[in-house]
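K.L.:
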Amino acid sequence: MSPVGPISPEDAVVLASEHRDIDALMGEFLQAASSKALAEAVDTIARFDDALRVHMSSEEELFPPAPAKLAPNPGESEAESFFRELRLEHVQIRELSAMIRRVLGESADLAAAQNLAAGLAKRWEAHTAREEKAWLQE
């Protein structure tokens, strides 16, 4: 069993599958942006962002109750720390995704969107690897 608490095998499969679907949307966005296909980039980042928000909301429903703050709490357990950190990562990833949508919507700046997407892709990859290793695997 995971040191941070059990999750049903069915939920683990669904969430891991959603990770792959969101990965694919990120790949579509990066391809569109590198091809300078603005309309396609706008569409794919919107689909990515929407899927990301639904996915993270689903995950957070499975987390233990949220602390009042996302700052570390003295004496928190390993599980409390883990899920607090995942929530913080969710906030950061959602914000980067929203920033890309804003940049494309307000200024159509594909170069700026690509720069932000590089950071988003790294955070997303690290985040999903951490979740899958410590929470979704038994």
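The C-terminal position of the sequence shown is numbered 164 in our numbering, with every residue numbered one higher than the one before it. No residue lacks a Cβ here, since even glycine has one placed at the ideal position from N, Cα and C. Because the structure is a prediction, the values reported are computed rather than measured.
Residue range of the alpha helix (DSSP H) that D47 falls in?
P.N.:
35-60
K.L.:
Quick check: the Cα distance between D69 and G101, rounded to an integer number of angstroms?
P.N.:
45 Å
K.L.:
Could you tell me which of A72, E44, M52 sits nearest to K148, measuring between CA atoms?
P.N.:
M52
K.L.:
Give the secondary structure of K95 by DSSP, where H, G and I count as helix, E and B as strand, and everything else as coil.
P.N.:
coil
K.L.:
Can the beta-carbon of S123 be found less than 9 Å from the beta-carbon of L96?
P.N.:
Contact flag unset, no.
K.L.:
Looking at the unbroken alpha helix (DSSP H) that takes in Q140, where does it start and where does it end?
P.N.:
136-160
K.L.:
Just curious, the alpha helix (DSSP H) that G131 is in, first and last residue?
P.N.:
104-133
K.L.:
Smallest Cα separation from A144: which of D49, A92, V40, I33?
P.N.:
Relative to the Cα of A144, the nearest Cα in the group D49, A92, V40, I33 belongs to D49.
K.L.:
Keeping to the same chain, check which residues put their C-beta closer than 7 Å to that of D47; ignore five residues upstream and five downstream.
P.N.:
A77
K.L.:
Taking 9 Å as the threshold (beta carbon to beta carbon), is A147 in contact with chain B?
P.N.:
Protein chains in the displayed structure number just one, and chain B is not present.
K.L.:
Exposed or buried, what is E157 when buried is set at 16 or more other beta-carbons lying within 10 Å of its beta-carbon?
P.N.:
buried
K.L.:
Quick check: E44 and S84, are their CB atoms within less than 9 Å of each other?
P.N.:
yes
K.L.:
Using beta-carbon positions only, say whether A127 and D75 come within less than 9 Å of one another.
P.N.:
Looking at the sequence shown, residue 127 is not Ala but Arg. In this structure, R127 sits near D75, with a CB-CB distance shorter than 9 Å.
K.L.:
By Cβ distance below 7 Å, which residues in the same chain neighbour A58 in space, the five residues on each side in sequence not counted?
P.N.:
E66, A67, T70
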